[in-house]
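Below: the structure, in structure tokens.
2 protein chains.
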Amino acid sequence: MKSVNLKRLAQELNLSVATVSRALNDRYDISQATKDRVRELAAKLNYEPNPYASSLRRQRSGTIGVVVPEIANHFFSLAINGIEEVARLNHYHVLIYLTHEDYQRELDIVRLLAGGRVDGVLLSAASTSYTDTHLEMLRERGIPLVFFDRVHQAPDNAQITTDDYESGYKATRHLLDVGCRSVAHLTIAPTLSISRRRMQGYIDALLDGGLRYDPSLVLHAQGRREQDVEMIQDLLHQRPGVDGIFAAVESLAVGTYEACRVLNRRIPHDVRVIGFSNLEIAALLDPPLTTITQPAYAIGKEAAKVLFKAVLKNVPVSSGHSLELKSELFIRESTFPAPKLVKSA
Amino acid sequence: MKSVNLKRLAQELNLSVATVSRALNDRYDISQATKDRVRELAAKLNYEPNPYASSLRRQRSGTIGVVVPEIANHFFSLAINGIEEVARLNHYHVLIYLTHEDYQRELDIVRLLAGGRVDGVLLSAASTSYTDTHLEMLRERGIPLVFFDRVHQAPDNAQITTDDYESGYKATRHLLDVGCRSVAHLTIAPTLSISRRRMQGYIDALLDGGLRYDPSLVLHAQGRREQDVEMIQDLLHQRPGVDGIFAAVESLAVGTYEACRVLNRRIPHDVRVIGFSNLEIAALLDPPLTTITQPAYAIGKEAAKVLFKAVLKNVPVSSGHSLELKSELFIRESTFPAPKLVKSA
DNA sequence: TTTATTTACGTAAACGTTTGCAGTGAATAA
DNA sequence: TTATTCACTGCAAACGTTTACGTAAATAAA
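From first to last, the protein sequence lines are chains A and R. In terms of my numbering, the first sequence opens at residue 967 and continues consecutively. In terms of my numbering, the second sequence opens at residue 967 and continues consecutively.
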């Protein structure tokens, strides 16, 4: 019940607490003989240093904080996987916080973290409105911050993202290539830079393809599953000419499938669908979904690497450390050109 | 850069550190006037108490540890979601650790946690071999532990599980009901109690259904995606008579779909498939997958609740606090009886 | 020999809180 | 008047580490 500490070890070995501490930390000014003695007893008694005492003394927590909108989401759980990997290699611990897309909650969390609980923060922004006061708090306290995926347009922050503009362009372009003439775009909060960049890619691809950009074909979802599906249904119903849909996030691609099922629209015969997604089973959907897939695991890993560079060297991160990874297009049946399908159907 | 602490506040207010601390903690023996003064300045200076000093002094970390085999998995991410919810309500922080199904890693993690970093632990066991030495470490240190889903047969531990036996029975029974005569079972490590219980349900349902239990129809997967799919292919190939498959974990249900695709076996025409799964999009698969779905979110929530009861009241958890939640059967096309399908195909 | 250097360890302060105890001045009771 | 209570506040120790500094003994240099 009573945990063994340095004092206990010191008494039992007839040494001072300082010597024991130094022996365990493998300091140069302790003889090999005592180091061995100390370590042996420590192992025998299952000694584990008290992390809070240690963190208090060296002003360093050995912990990073990860703040994400949600966790039941393939992208984020894969990213966290990558983050955890890097943290473990650096003997660091990982605190997880969920904002549930709520800016206020994000603010509260960051305030807490700025209190010194962590040595660094990885953050993927909530979709609701934004000021960057809380980021200032971290900066004031000298706590490095690296954004990943959902970044915030702060003056000089490191951020790990994907080529959202190019991806948006590529996705839209692909729809045009397979014959779509009226492409809708489903996205989330326009305050998010990823949304804006994906959408800009969408717009530019339309224009380059000789189509005009029709804002009424852009649907901003709320993130509430059922309501979003209804909105998609409404869109498909009111604009029967829509023959292609580009979903900027996975949940909206899935929502499109559901809406199409309800409305009896055939994919890809009536409408072709492409979506950002990290679903491993996209290929097993009915029909297999064409996806733009982000390297989620790599994003988490790289973001953590950049953060640790700053944390361990005790230097601030800057936009110079930013990275943009490439996402990949997987073409599947949901965007097959119509003619082929008509035959086999 | 320099963080504001109690001393700073005390100086600025001409009070002692003790008074400031008590004022912020809303102690009864501080006048309302000083409380107001203190709080005002604290808010103005953005004071956040140093969590490590605080944790060191009161022997309490305000943190729980969550240990799971993996996170890129619907069940676990949903469970973590539930856990985080409860933790947040209790103003607790959540440390995440991944074992990647590696027992040695689980051991190392528990050893760390037993060092006092957390006030309690939620654990879902890795699938590899098992002794319960590390659980003893937690018990010795008086750190409550609650298992969820993947429990370990420790003498007197609290555990939150689902009705695995009944679920296994129900799933198998369902396959028999729709006409299967040769049902294979895909599962993971037999050391895990969930595996054993699900399998026992499978066996009993077979016997009750007048079939015999054939161990060669049980496949123990390794958790390596590609190899698992190959094993499933081999099974289907060598035992062409198999007309039903019960997958004890989601990945194996998905693997079955892939194997069937490679071998050109039609689901459900040639073989019917049911699997444990928390995929929200099971209904969108080709064909829609019949699932046994665990209340993952609720499991996380309940496990956390039980843990906090122990943590906050400072009492040990015991098996008396264990809970068994019910999983649900969602019947979809992958287990439709053959005749119907022959027509529409 | 004396003096400088190295080796190995101890002393004590510090990190920022919390809290038992004591103390103060004022108000009330005896 | 004195004693007692009450409402506040301060002093100082404690939590378990880490580390700057000091020091004694042993060795090297003079």
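For each residue, glycine too, the CB sits at the ideal point set by N, CA and C. This structure is a prediction, so every number in the text was calculated from the model and none was measured.
Partner residues on chain R for residue i, Cβ-Cβ distance less than 9 Å
| i | result |
| --- | --- |
| residue 1252 of chain A | 1250, 1251, 1252, 1253, 1254 |
| residue 1017 of chain A | 1018, 1021, 1027, 1078, 1081, 1082, 1083 |
| residue 1316 of chain A | The requested residue 1316 of chain A is not part of the displayed model; chain A covers only 967 to 1311. |
| residue 1287 of chain A | Residues of chain R passing the Cβ test: none, with the nearest at roughly 20 Å. |
| residue 1118 of chain A | Chain R residues near residue 1118 of chain A: none, gap ~20 Å exceeds 9 Å. |
Within chain A, the residues that residue i reaches when beta carbons sit closer than 8 Å
| i | result |
| --- | --- |
| residue 1112 of chain R | Within chain A, no residue comes near residue 1112 of chain R; the closest Cβ sits about 18 Å away, beyond 8 Å. |
| residue 1047 of chain R | 1036, 1037, 1038, 1064 |
| residue 1100 of chain R | Correct list: empty, because the minimum Cβ distance to chain A is about 11 Å. |
Listed by chain order, chain A residues near residue i by CB distance under 9 Å
| i | result |
| --- | --- |
| residue 1050 of chain R | 1037, 1062, 1063, 1064 |
| residue 1186 of chain R | The contacting residues do not exist; residue 1186 of chain R stays about 22 Å from chain A at best. |
Beta-carbon neighbours of residue i, restricted to chain A and to distances below 7 Å
| i | result |
| --- | --- |
| residue 969 of chain R | 1082, 1107 |
| residue 1223 of chain R | 1250 |
| residue 1012 of chain R | 1103 |
| residue 1235 of chain R | Residues of chain A passing the Cβ test: none, with the nearest at roughly 15 Å. |
Contact belief for residue i with residue j at Cβ below 8 Å, rounded distance in angstroms
| i | j | result |
| --- | --- | --- |
| residue 1167 of chain A | residue 1132 of chain A | 6 Å |
| residue 1114 of chain A | residue 1090 of chain A | 5 Å |
| residue 1186 of chain R | residue 1154 of chain R | 7 Å |
| residue 1072 of chain A | residue 1033 of chain A | 7 Å |
| residue 1084 of chain A | residue 1061 of chain A | 6 Å |
| residue 1260 of chain R | residue 1041 of chain R | 6 Å |
| residue 1016 of chain A | residue 1081 of chain R | 7 Å |
| residue 1217 of chain R | residue 1157 of chain R | Actually they do not touch by this definition, with Cβ atoms about 18 Å apart. |
| residue 1173 of chain R | residue 1211 of chain R | So it is not a contact: roughly 19 Å between Cβ atoms. |
| residue 1241 of chain A | residue 1213 of chain A | 4 Å |
| residue 1007 of chain A | residue 979 of chain A | 6 Å |
| residue 974 of chain A | residue 989 of chain A | At roughly 14 Å, the Cβ-Cβ gap does not stay under 8 Å, so residue 974 of chain A and residue 989 of chain A are not in contact. |
| residue 1150 of chain A | residue 1195 of chain A | 14 Å between Cβ atoms; not a contact. |
| residue 1001 of chain A | residue 995 of chain A | Not really, about 11 Å apart at Cβ, beyond 8 Å. |
| residue 1202 of chain A | residue 1231 of chain A | 6 Å |
Per DSSP, cross-strand counterpart(s) of residue i
| i | result |
| --- | --- |
| residue 1257 of chain A | A:1241, A:1296 |
| residue 1211 of chain A | A:1150, A:1239 |
| residue 1290 of chain A | A:1127 |
| residue 1251 of chain R | A:1251 |
| residue 1089 of chain R | R:1033, R:1113 |
Distance CB(residue i)-CB(residue j) smaller than 7 Å
| i | j | result |
| --- | --- | --- |
| residue 1112 of chain A | residue 1273 of chain A | yes |
| residue 1251 of chain R | residue 1038 of chain A | no |
| residue 1148 of chain A | residue 1207 of chain A | yes |
| residue 1022 of chain R | residue 1058 of chain A | no |
| residue 1184 of chain R | residue 1301 of chain R | no |
| residue 1136 of chain R | residue 1295 of chain R | yes |
| residue 1141 of chain R | residue 1238 of chain R | yes |
| residue 1048 of chain A | residue 1267 of chain A | yes |
| residue 1030 of chain A | residue 1126 of chain A | no |
| residue 1110 of chain R | residue 1270 of chain R | no |
| residue 1134 of chain A | residue 1178 of chain A | no |
| residue 1248 of chain R | residue 1257 of chain R | yes |
| residue 1229 of chain A | residue 1199 of chain A | yes |
| residue 983 of chain A | residue 976 of chain A | yes |
| residue 1171 of chain R | residue 1139 of chain R | yes |
| residue 1050 of chain A | residue 1064 of chain R | yes |
| residue 987 of chain A | residue 1128 of chain A | no |
| residue 1124 of chain A | residue 1098 of chain A | no |
Contacts of residue i in chain R (Cβ-Cβ under 7 Å)
| i | result |
| --- | --- |
| residue 1044 of chain A | 1038 |
| residue 1280 of chain A | Within chain R, no residue comes near residue 1280 of chain A; the closest Cβ sits about 12 Å away, beyond 7 Å. |
| residue 1220 of chain A | 1247, 1250 |
| residue 1203 of chain A | What residue 1203 of chain A touches in chain R: nothing, since even the nearest Cβ is about 20 Å away. |
Closer than 6 Å: residue i CB and nearest the ligand PLP heavy atom
| i | result |
| --- | --- |
| residue 1073 of chain R | What this structure holds is no ligand at all, so the ligand PLP is not there to describe. |
Within chain R, the residues that residue i reaches when beta carbons sit closer than 8 Å
| i | result |
| --- | --- |
| residue 1140 of chain A | Simply none; closest approach about 21 Å. |
- Message: Runs of 3 residues minimum, wholly inside the segment 1007-1068 of chain A: which ones carry the beta strand (DSSP E) assignment?
- Response: 1029-1034, 1059-1064
- Complete runs of the beta strand (DSSP E) confined to the segment 1114-1191 of chain A [at least 3 residues]: Taken in chain order, the complete beta strand (DSSP E) segments of 3 or more residues contained in the segment 1114-1191 of chain A are 1124-1128, 1149-1153, 1184-1186.
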